[in-house]
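Before any comments, here is the structure.
Numbering (my numbering), first residue to last: 3 to 333.
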């Protein structure tokens with residue numbers, strides 16, 4: 003019996019090592035020989051070992067079946083208890099599946115590496131009245147993890163309902179969370195996203211805090227929903243791709259301007275904006291730039307002078323370095 007337990011433990015450890023990659027690019031024609039692996043904190047692409055080839059081949063079969071089911075080019079799969087976010091692309095030599103390993107457990111807000119003043123701003127009770135929090139960064143910078151940790155911490159602390167609209171869902175949040183609850187809504191098309199947004203706003207209890215978690219703002223529908231929901235008493239928490247806070251805010255203005263005038267967009271963003279974080283990750287350490295809604299920042303947004311926010315970001319950073327806290331406006 004002891005040998006059996008030791009043998010099983012060895013097999014599990016060996017399998018964990020085989021699947022320790024963070025990303026895998028699977029050549030759907032020849033998954034065994036042409037696929038490549040990536041690991042955290044390294045830049046090199048690695049050829050899979052013989053044992054890893056067998057896993058990758060089985061993953062490719064699961065991906066084919068999942069694609070036939072959903073008819074979408076971005077979805078999740080589960081393999082040996084691990085979730086992967088998969089995106090199918092057509093290269094000049096054939097179809098590739100780009101797969102990124104997803105966290106299986108939520109990381110508590112105080113453990114993800116955010117500075118104390120940002121955690122305090124994110125947990126401020128004033129945000130129960132609604133607003134918009136954006137987390138910006140490159141792929142793999144941990145944007146979704148940060149957003150989810152903030153949303154879960156607030157739901158646990160203040161109660162109410164959190165609704166998510168994700169394509170695809172990346173983290174396990176559904177169910178009871180402290181004093182509140184979460185419902186995750188996974189969408190598979192732009193039309194389905196629009197319908198989910200309309201339905202979501204009808205589901206929130208009128209007398210309790212509400213959080214609308216958007217997996218990513220990447221088009222006019224998502225940008226418009228985020229801005230409008232932020233002004234009807236819901237706290238919208240969302241990610242965006244971007245290399246700077248200013249560029250992300252300019253992009254959300256551009257997206258939403260497809261559905262309304264830029265003057266209206268600036269007014270909505272001015273009234274709803276609460277905080278934007280830009281984060282990058284290096285050797286498991288998060289580097290964060292931030293902008294909170296001081297009166298000066300809000301007025302700069304209203305004027306549409308987004309590039310001038312750079313000086314406000316710098317001013318707020320210097321205040322924190324001098325043990326001061328940027329004072330958000332009253333709402």
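Quick reminder that beta carbons are idealized off the backbone N, C-alpha and C, glycines included.
Going straight from the alpha carbon of residue i to that of residue j, what length do you get?
i, j, result
"residue 157", "residue 94", "46 Å"
"residue 121", "residue 53", "43 Å"
"residue 4", "residue 25", "Unreliable placement is indicated for residue 4, whose pLDDT of 47 sits below 50; no coordinate value is reported for it."
"residue 303", "residue 297", "10 Å"
"residue 195", "residue 324", "44 Å"
"residue 319", "residue 34", "49 Å"
"residue 260", "residue 198", "20 Å"
"residue 82", "residue 106", "12 Å"
"residue 214", "residue 167", "8 Å"
"residue 242", "residue 145", "8 Å"
"residue 13", "residue 111", "No answer about residue 13 holds up, because its pLDDT of 48 lies below 50 and its placement is not dependable."
"residue 307", "residue 147", "30 Å"
"residue 187", "residue 204", "14 Å"
"residue 43", "residue 287", "10 Å"
"residue 283", "residue 41", "14 Å"
"residue 257", "residue 290", "25 Å"
"residue 7", "residue 21", "With a pLDDT of 46 at residue 7, under the threshold of 50, the modelled position of that residue is not reliable, and the figure given next carries that caveat. Cα-Cα distance, rounded: 21 Å."
"residue 118", "residue 155", "14 Å"
"residue 68", "residue 79", "7 Å"
"residue 314", "residue 237", "23 Å"
"residue 115", "residue 276", "21 Å"
"residue 267", "residue 228", "11 Å"
"residue 51", "residue 100", "18 Å"
"residue 49", "residue 36", "8 Å"
"residue 202", "residue 73", "24 Å"
"residue 77", "residue 63", "14 Å"
"residue 10", "residue 19", "Per-residue confidence for residue 10 stands at a pLDDT of 48, beneath the threshold of 50, marking its modelled position as unreliable; no derived number is given."
"residue 130", "residue 235", "7 Å"
"residue 46", "residue 206", "46 Å"
"residue 15", "residue 56", "The predicted model places residue 15 with a pLDDT of 48, which falls under 50 and marks its position as unreliable; any figure quoted below should be read in that light. Taking the straight line from one Cα to the other gives about 17 Å."
"residue 92", "residue 38", "16 Å"
State the CB to CB distance for the pair residue i and residue j, rounded to an integer number of angstroms; the pair is presumed to be in contact (CB under 8 Å).
i, j, result
"residue 139", "residue 280", "6 Å"
"residue 134", "residue 222", "At roughly 16 Å, the Cβ-Cβ gap does not stay under 8 Å, so residue 134 and residue 222 are not in contact."
"residue 65", "residue 28", "7 Å"
"residue 217", "residue 172", "7 Å"
"residue 132", "residue 210", "Going by Cβ atoms, the distance from residue 132 to residue 210 rounds to 12 Å, so no, they are not a contact pair."
"residue 185", "residue 165", "5 Å"
"residue 179", "residue 225", "Not a contact, Cβ separation roughly 27 Å."
"residue 85", "residue 71", "At roughly 16 Å, the Cβ-Cβ gap does not stay under 8 Å, so residue 85 and residue 71 are not in contact."
"residue 212", "residue 163", "6 Å"
"residue 169", "residue 189", "5 Å"
Would you give the residue range spanned by the beta strand (DSSP E) that residue i belongs to?
i, result
"residue 291", "287 to 294"
"residue 186", "182 to 188"
"residue 212", "212 to 216"
Can you tell me where the alpha helix (DSSP H) holding residue i begins and where it ends?
i, result
"residue 257", "247 to 258"
"residue 332", "No alpha helix (DSSP H) contains residue 332, which DSSP labels as neither H nor E."
"residue 321", "311 to 323"
"residue 267", "264 to 274"
"residue 223", "222 to 231"
"residue 298", "297 to 305"
Taking DSSP's pairing of strands, which residues face residue i in a bridge?
i, result
"residue 283", "288"
"residue 89", "76 and 100"
"residue 205", "Partner(s): none; residue 205 has no beta bridge."
"residue 237", "133 and 213"
"residue 81", "84"
"residue 119", "Its beta-bridge partners do not exist; DSSP assigns none."
"residue 108", "Paired residues: none, contrary to the question."
Any heavy atom of the ligand HEM closer than 6 Å to the CB of residue i?
i, result
"residue 260", "This structure lacks the ligand HEM; in fact it carries no ligand of any kind."
Ignoring anything shorter than 3 residues, give me the beta strand (DSSP E) runs that lie fully in the segment 124 to 200, in order along the chain.
133 to 139, 162 to 168, 177 to 179 and 182 to 188
Quick one: which unbroken beta strand (DSSP E) runs of 3-plus residues sit fully inside the segment 22 to 68? Chain order, please.
25 to 29 and 38 to 40
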